[in-house]
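Scroll down for the structure; my scribbles are underneath it.
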Amino acid sequence: MNRLVAALIIAPWAVWYGYRAVRAVRRGAFESLLDPIERASVPDLFWFSVARQTMLSALFTTLACAALLDVRAMVTFWIFGVFAVVYVLLFIVESIRLSRSRAADVPPTGR
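Be aware that the sequence shown starts at 252, since it is given in the working numbering, and climbs by one per residue.
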């Protein structure tokens, strides 16, 4: 019974993050807490936000399945560890891409 309750508590989070990612792709704008991020104006940040929402949905789906199937704590630790590594790598890659695109937008100083 505890496994089912844990899965039912985690499942809405998985659905919510998946819904936000799909809705952002369909509308062409990701609704963040501050301002909407439009795909046409800031594509890097938009796709980063969609990828983050998709990853969070996948994490919560995996954790709900792990709770439902009553996997061991070490497996859950590895699931979360892999997610954390992929999330950090996604953040690093997006930061590098954003800094390169900003550097390309700055006009060179000529003499």
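By construction, the Cβ of each residue, glycine as well, lies at the ideal position given by its N, Cα and C atoms. Given the structure is predicted, the values throughout are model-derived calculations rather than measurements.
Residue nearest to residue i in terms of C-alpha spacing, selected from the options
i: residue 274; options: 313, 302, 350; result: 302
i: residue 352; options: 276, 293, 278, 286; result: 293
i: residue 299; options: 354, 346, 277; result: 346
i: residue 339; options: 306, 278, 321, 326; result: 306
i: residue 334; options: 320, 348, 295, 314; result: 314
i: residue 341; options: 318, 330, 296; result: 296
i: residue 258; options: 322, 349, 343, 318; result: 318
i: residue 304; options: 321, 286, 282; result: 282
i: residue 261; options: 330, 350, 316; result: 316
i: residue 253; options: 284, 285, 322; result: 322
Buried versus exposed call for residue i [16 or more other C-beta atoms within 10 Å across all chains shown]
i: residue 324; result: exposed
i: residue 255; result: exposed
i: residue 272; result: buried
i: residue 291; result: exposed
i: residue 288; result: buried
One or two residues paired with residue i in a DSSP bridge
i: residue 280; result: 289
- Spell out a yes or no on whether the region 306-317 and the region 261-269 are touching, meaning 3 or more CB-CB pairs, one atom from each, closer than 8 Å. yes
- Query: For the region 284-360, which segments carrying the beta strand (DSSP E) assignment without a break, of at least 3 residues, lie completely within its bounds, in sequence order?
  - Reply: 287-289
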